[in-house]
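What follows is one structure encoded as C-alpha cells, with my remarks underneath.
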Amino acid sequence: MTCPLLYRLRVIDKLPERPSAAALRGTLVHSVLEELFTMSAAQRTADTATTLIAQHWDRMRVEAPEDAEILAEGINLEEPTDIADAVIAPIRPLLEAYFTLEDPRRVEPHAREMGVSTELASGLSLRGYIDRVDISPTGLVRLVDYKTGRSPGAGFEAKALFQMRFYALLWWRIADQIPARLDLLYFGDGQRISYEPTEDELRATERKIMALSDAIARAAIHGFTATPSALCSWCSFQDACPEFGGHTPPMPALPE
Numbered sequence: 480m481t482c483p484l485l486y487r488l489r490v491i492d493k494l495p496e497r498p499s500a501a502a503l504r505g506t507l508v509h510s511v512l513e514e515l516f517t518m519s520a521a522q523r524t525a526d527t528a529t530t531l532i533a534q535h536w537d538r539m540r541v542e543a544p545e546d547a548e549i550l551a552e553g554i555n556l557e558e559p560t561d562i563a564d565a566v567i568a569p570i571r572p573l574l575e576a577y578f579t580l581e582d583p584r585r586v587e588p589h590a591r592e593m594g595v596s597t598e599l600a601s602g603l604s605l606r607g608y609i610d611r612v613d614i615s616p617t618g619l620v621r622l623v624d625y626k627t628g629r630s631p632g633a634g635f636e637a638k639a640l641f642q643m644r645f646y647a648l649l650w651w652r653i654a655d656q657i658p659a660r661l662d663l664l665y666f667g668d669g670q671r672i673s674y675e676p677t678e679d680e681l682r683a684t685e686r687k688i689m690a691l692s693d694a695i696a697r698a699a700i701h702g703f704t705a706t707p708s709a710l711c712s713w714c715s716f717q718d719a720c721p722e723f724g725g726h727t728p729p730m731p732a733l734p735e
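To convert, take the position in the sequence shown, counting from 1, and add 479; that gives this note's numbering.
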C-alpha cells in the first residue's frame, strides 16, 4: 500500500472520487477497442476506430453527462470548432499509437474485459479484470493490458509488472496454466513491455499479496495512517486527510 489511508478511503469507505479527464479518455479508448474486436477482422481499421470514438463520445454525453462535462472542461475554442472534435482530438493519437503496436486484423481474442476471480489456499479471495486474453492455435496464452499513459522509465516498471503478475496468478489459479506472455501496451508513447512469467515468480507474487493482506488486517486494528508523498497533489481525498487539515470519517464496520 503506497498510502494506507488512501486504500481505506477508496476501498473500505468507498468515498466517491471525481474521475480525471485522462482517466475518462482511457475509458473511451478501452471501450473503442473492446467494440473493435466484436467486428470482423477486415473492419478493424484505424478509420473504424475513429468512427467509434465519436459514437462512444455521443453515448457518454447521454449516459454519463457528468463525465462528458469533465472531458469538455477547460476547452477554449478560439475558432469555430465542434466541441466533439475538441474532446476527441487528444484521444485520436492514443488509438493511432495502438495501431503502431499491433494489427488488430491479425488478432482473435479469446476474451475481452474478462472478469476473473479465485480463492487462494489461505482463503484470500482475488478478483480483477483482464483487458484481453489471446490464445494461440497451439494453446499458448497471452494476457494484454492497455495503458493510455506513457511507459514507465527505467527502474520504474515494478508496479506495472506486479499488476500483470497479479493477472497471471489469477489466470494460473483458475485455468491451471501459466500464461506464456504478458503484454503492456502504452498508447501515450507507443511502447510495449513484454514479460514471460515463471512459476517461481508467480509464487513470489502470491506471497507478496498475502503479506499485503496481512498488512491490511493489521491496519484495520491499529489504524490506516497517511503516508505523504509527491502523489498527494493528485489525491481526491485531501478533505479527509489529516496531512491536509482534513477530518477522517469514523472507520466503517468491516464484514465478518
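Quick reminder that beta carbons are idealized off the backbone N, C-alpha and C, glycines included. Predicted, not measured: the structure shown is a model, and the values here were computed from it.
{"Asked": "Can you give, in chain order, each stretch of the alpha helix (DSSP H) that sits fully within the region 614-700 and has at least 4 residues?", "Found": "637-654"}
{"Asked": "Looking at Phe645: is its Cβ nearer than 8 Å to the Cβ of Gly607?", "Found": "yes"}
{"Asked": "If you drop the 5 nearest sequence neighbours on each side, which residues of the same chain put their C-beta closer than 7 Å to that of Ala576?", "Found": "Phe666 and Gly669"}
{"Asked": "Sorted by chain position, which residues of the same chain lie with C-beta nearer than 8 Å to Leu648's C-beta, five sequence neighbours on each side aside?", "Found": "Leu605, Leu681, Thr684, Glu685 and Ile688"}
{"Asked": "Determine whether the beta carbon atoms of Ala719 and Leu494 lie at a separation below 8 Å.", "Found": "yes"}
{"Asked": "Where Pro736 and Gln717 are concerned, what is the direct C-alpha to C-alpha distance, given to the nearest angstrom?", "Found": "Only positions 480 to 735 of the chain appear in the structure, and residue 736 is not among them; the question remains open."}
{"Asked": "Tell me which same chain residues have a C-beta within less than 8 Å of the C-beta of Pro559, skipping the five on either side of it?", "Found": "Interpretation of Pro559 is limited by its pLDDT of 43, a score under 50 that renders its predicted location unreliable; the figure taken from the coordinates is listed afterwards. Within the same chain, Pro559 has no close Cβ partners at all."}
{"Asked": "In three-state DSSP terms, what is Val595?", "Found": "strand"}
{"Asked": "Three-state secondary structure (DSSP) at Arg584?", "Found": "helix"}
{"Asked": "Flag this pair as yes or no: are the beta carbons of Ile470 and Val541 separated by less than 8 Å?", "Found": "Outside the displayed span of the chain (480 to 735) sits residue 470, for which this structure offers no information."}
{"Asked": "Using only the alpha-carbon positions, how far apart do Ala705 and Ile532 sit?", "Found": "39 Å"}
{"Asked": "Could you tell me which of Val586, Ala637 and Met593 sits nearest to Ser615, measuring between CA atoms?", "Found": "Val586"}
{"Asked": "Can you find the residues in the same chain that come closer than 7 Å, C-beta to C-beta, to Ile653, ignoring five residues on each side of it along the sequence?", "Found": "Val595 and Thr597"}
{"Asked": "Are the CB atoms of Trp650 and Leu622 within a distance shorter than 8 Å?", "Found": "yes"}
{"Asked": "From this set, Ala528, Gly505, Thr506 and Leu507, which residue's C-alpha is nearest Phe516's C-alpha?", "Found": "Ala528"}
{"Asked": "Which residue marks the beginning of the alpha helix (DSSP H) containing Val511, and which one marks its end?", "Found": "Ala500 to Leu515"}
{"Asked": "How long is the line joining the alpha carbons of Arg504 and Val612, rounded to whole angstroms?", "Found": "22 Å"}
{"Asked": "Tell me whether Asp610 sits in a helix, a strand or coil according to DSSP, three-state version.", "Found": "strand"}
{"Asked": "On the DSSP letters alone, give me the boundaries of the alpha helix (DSSP H) that His589 sits inside.", "Found": "From DSSP, His589 is part of no alpha helix (DSSP H); its letter is neither H nor E."}
{"Asked": "Please state if the CB of Ala525 and the CB of Arg584 are separated by a distance shorter than 8 Å.", "Found": "no"}
{"Asked": "Looking only at its chain, what residues have a beta carbon closer than 7 Å to the beta carbon of His535, apart from the 5 residues adjacent to it on each side?", "Found": "Leu507, Ser510 and Val511"}
{"Asked": "Where does Leu603 sit, in a helix, a strand or coil, going by DSSP?", "Found": "coil"}
{"Asked": "Report all residues from its chain with a CB closer than 6 Å to the CB of Leu723; omit the five preceding and five following residues, and keep chain order.", "Found": "Sequence check: residue 723 is Phe here, not Leu. Once the five neighbours on either side are set aside, the close Cβ partners of Phe723 are Gln717."}
{"Asked": "Shortest alpha-carbon distance to Glu548 belongs to which of Phe635, Arg671, Leu574 and Ser499?", "Found": "Ser499"}
{"Asked": "At what residues does the alpha helix (DSSP H) containing Thr706 begin and finish?", "Found": "Segment: none, Thr706 is in no alpha helix (DSSP H) and carries neither H nor E."}
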